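Data block below; observations after.
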Amino acid sequence: MDVLIKNGLVLTMDKRRRILKNTSIGITDGKITDIAEDLKGEADFVIDASDKIVMPGLINAHTHLPMTLLRGMADDLPLDKWLNEEIWPIEAQLEAKHVYAGALLGCLEMIQSGTTCFNDMYFFMDEVARSCKETGIRGCISHAMFDFGDTSKIPEMLGHGKDNISKYKNGLVRAFVAPHAPYTCSQELLLKAKELAEENETRLHIHIAESQKEVNDSIEQKGAPPFEYLDKIGFLDENVIAVHSVWASEKEIGIMKKRGVKVAHNPISNMKLASGVAPVPEYLKKGICVALGTDGAASNNNLSMFSEMKTCALLHKISNMDPSTVPAYSVLESATINGARALGMEEEIGSIEVGKTADIILVNLKSANMTPLTNPVSHIVYAAKGSDVNSVIVDGRILMQDRELRTLDLEDVLKFANEEARKLFLKAGKEDKLF
Ligand SMILES: [Zn+2]
C-alpha cells in the first residue's frame, strides 16, 4: 500500500450509504484497494484517522477559480449591473499571469477546505490546468465561449474548446465545453459547442436561467424561456450541466428531466446577487441530478463547500417554510456523489469504494463544534467549517496532512496573488477598489 488511513469513521457515500466505524482504507497507485475494520500490511504513509471522519472529497460543481483575485471588489449589486459595470470591464484586462495567480489562490483555498475536484469555466485555461498539476487538485476546465450574436467569432471560440480537449482528455485535468449562457451565445455557437462536446464524449457546462431578467429577455427575444428555447433548438441532453437553473417553469423542469440535464446549484451566489431561489426540492422530487457549487469568489465570496452545503439546506427550508425540505443527507449527496454524477465521473470519484480513485478528506472531530458525536452527516453539513478539514488526498496523493500543505507554500501563493491583483486593478483603472 502507498497510503493507509487507519481507524476512521468512514462516510462512504456508496450505494448502500454505509457509515463504518473504526475502519481503515488502503490506497495503492491512486486507487482505493481495501476498506476493512482490521486492515494489516505495510504502507509508505500511515494516517491516523481516529477522532476523524473519513469521507469523499467535496466536489465543487461550478466555479470561476481565477475570480478569487476579484474577491470583494464589487458587492451588493444585481447580476446585470455587477457583470456589465464591474466584472466584465476588469476581466477585459486579464492576462495569463493574473489567471495563474488567481487559480493558485483558489486551489489553496479549496484544498484547505476539503474540495478535491472542481468544475471551472474561465479564460487562459492552460493556467488553471497548470495550477491543478502543480497543486495536485482535480479539475474539469472549460474556456468560456460567447459571441453575443456575432457569429464570425465562432471559429475562435470553438478553437479554445478544441485546444483544451486535445490537451486535457483524461487524468487529473479534463476539458469540458462551455458556451457561457444562452443570452451570450448565438444559436449557431450553442449547437456547434454541443457537437464538439458530443464528438469528444465530454460535458457541456453552461449558465442557464440565472435571473428573472434573463427569462423575460429570452421570452421577448426568442419567444420562450431559456430551457424551452434550448430544447427547441435541440441543445439539451444528458451532457448538459445547467448552472444555476433558478428560474425554470414546471414545464421546463419536465423537459430537464426528460433530457437528463444535470443542475449545478449555487445557493450563496444566487442569494448574494438576489437572483432567486432555485426550485431544488422540485428537481429532487423529479429525480434530477443536483450538484453543488460555489460560483466564483466574486459572488460568494469564498470557495468553501461547507458554507455552501449549510446554506443550501437552510435556504430551501426557509423558502418552503418546511424544515424537512432538502435534508442534510441530500445536501451531502449533492456535494459528493451527485457532483461526480453531474461531471460524468461517478465511476471514478464521489464515494469511498474499492476500485474508485482515492479522492478522500479527513475531518477533525476533536473540536467544540463537532462535539458530542451524535450524527456525523448532520455535523458535516450543519456544524463543520472548512478549517475542520485535517487532511486531503487526491488521486492517492496527500495534498494536506494535519493542516500542513504538501504541494503549496502558503506565503508564496498569498504574496503572488496580492501582487497580481494589484497589477490587474491598476491596469483596469480600478485602483480605487484596492484597500
Ligand atoms: Zn458562474
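At position 411 of the sequence shown (counting the first as 1) the number is 431 in the working numbering, and the numbers step up by one without a gap. Quick reminder that beta carbons are idealized off the backbone N, C-alpha and C, glycines included. Predicted, not measured: the structure shown is a model, and the values here were computed from it.
Tell me whether residue i, by its Cβ, gets closer than 7 Å to a heavy atom of ligand 1.
{"i": "residue 296", "result": "no"}
{"i": "residue 315", "result": "yes"}
{"i": "residue 84", "result": "yes"}
{"i": "residue 263", "result": "yes"}
{"i": "residue 225", "result": "no"}
My assumption, with CB atoms under 8 Å, is that residue i sits in contact with residue j. Please give the rounded CB distance.
{"i": "residue 396", "j": "residue 332", "result": "In fact, because the Cβ distance is near 18 Å, the residues do not count as touching under 8 Å."}
{"i": "residue 354", "j": "residue 297", "result": "With a Cβ gap of about 15 Å, residue 354 and residue 297 do not count as contacting."}
{"i": "residue 408", "j": "residue 384", "result": "5 Å"}
{"i": "residue 372", "j": "residue 45", "result": "7 Å"}
{"i": "residue 98", "j": "residue 293", "result": "7 Å"}
{"i": "residue 290", "j": "residue 264", "result": "7 Å"}
{"i": "residue 261", "j": "residue 225", "result": "5 Å"}
{"i": "residue 116", "j": "residue 144", "result": "5 Å"}
{"i": "residue 56", "j": "residue 28", "result": "Not really, about 12 Å apart at Cβ, beyond 8 Å."}
If you measure between the beta carbons of residue i and residue j, is that distance less than 8 Å?
{"i": "residue 22", "j": "residue 48", "result": "yes"}
{"i": "residue 416", "j": "residue 360", "result": "no"}
{"i": "residue 132", "j": "residue 313", "result": "no"}
{"i": "residue 168", "j": "residue 83", "result": "no"}
{"i": "residue 330", "j": "residue 266", "result": "no"}
{"i": "residue 155", "j": "residue 427", "result": "yes"}
{"i": "residue 411", "j": "residue 369", "result": "no"}
{"i": "residue 164", "j": "residue 188", "result": "no"}
{"i": "residue 197", "j": "residue 217", "result": "yes"}
{"i": "residue 394", "j": "residue 79", "result": "no"}
{"i": "residue 348", "j": "residue 387", "result": "no"}
{"i": "residue 448", "j": "residue 110", "result": "yes"}
{"i": "residue 206", "j": "residue 184", "result": "no"}
{"i": "residue 444", "j": "residue 128", "result": "no"}
{"i": "residue 283", "j": "residue 308", "result": "yes"}
{"i": "residue 74", "j": "residue 24", "result": "no"}
{"i": "residue 231", "j": "residue 295", "result": "yes"}
{"i": "residue 470", "j": "residue 93", "result": "This structure cannot settle anything about residue 470, because the visible part of the chain is limited to 21 through 455."}
With a CB to CB cut of under 7 Å and the five nearest residues on each side skipped, what residues in its chain are close to residue i?
{"i": "residue 91", "result": "317, 318, 321"}
{"i": "residue 336", "result": "300, 301, 345, 346"}
{"i": "residue 255", "result": "210, 211, 214"}
{"i": "residue 208", "result": "171, 174"}
{"i": "residue 280", "result": "257, 258"}
{"i": "residue 433", "result": "124, 125, 128"}
Please list, in chain order, all residues of the same chain as residue i whose beta carbon is under 6 Å from its beta carbon, the five residues on each side excluded.
{"i": "residue 88", "result": "122, 125, 126, 317"}
{"i": "residue 62", "result": "none"}
{"i": "residue 425", "result": "none"}
{"i": "residue 242", "result": "249"}
{"i": "residue 234", "result": "203"}
{"i": "residue 54", "result": "46"}
Beta-carbon within less than 8 Å of residue i's beta-carbon, same chain only, minus the 5 sequence neighbours each way: which residues are those?
{"i": "residue 422", "result": "410, 411"}
{"i": "residue 271", "result": "248"}
{"i": "residue 366", "result": "357, 360"}
{"i": "residue 239", "result": "245"}
{"i": "residue 200", "result": "141, 164, 165, 166, 226, 227"}
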